[in-house]
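Be aware that the sequence shown starts at 13, since it is given in the numbering used here, and climbs by one per residue.
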Amino acid sequence: NDADASLLSLRVGTKFGVVSHTFRVETKADLTYWTKAISQCLQSAVVRTKEAVFRMFKN
């Protein structure tokens, strides 16, 4: 049932600009799984990053 599906959107800033990804999840368990997996991957990437650059984008 499409009414039960949820969308999880992720926007990531890269050196080439902002990239947007949208994931469709069918159940709350799927949403929990993807949210946890993405969070763990991002945390791991931050730990390995030696330098971070912050920029403010204006719309």
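Ideal Cβ placement from N, Cα and C applies to all residues, glycine included.
Backbone CA spacing between residue i and residue j [nearest angstrom]
i	j	result
A64	V58	9 Å
T61	G29	19 Å
L54	F69	21 Å
Neighbourhood of residue i by C-beta distance below 6 Å, restricted to the same chain and skipping five residues each side
i	result
L22	H33
Which of helix, strand or coil DSSP assigns to residue i
i	result
V58	helix
T34	strand
T44	helix
Rounded distance between the beta-carbons of residue j and residue i, thought under 8 Å
i	j	result
V31	V24	5 Å
L20	T47	7 Å
Same chain, Cβ closer than 8 Å to residue i, neighbours up to 5 away in sequence not counted
i	result
R67	G25
Neighbourhood of residue i by C-beta, 7 Å cutoff - its chain only, sequence neighbours within 5 removed
i	result
S18	V37, L43
A41	none
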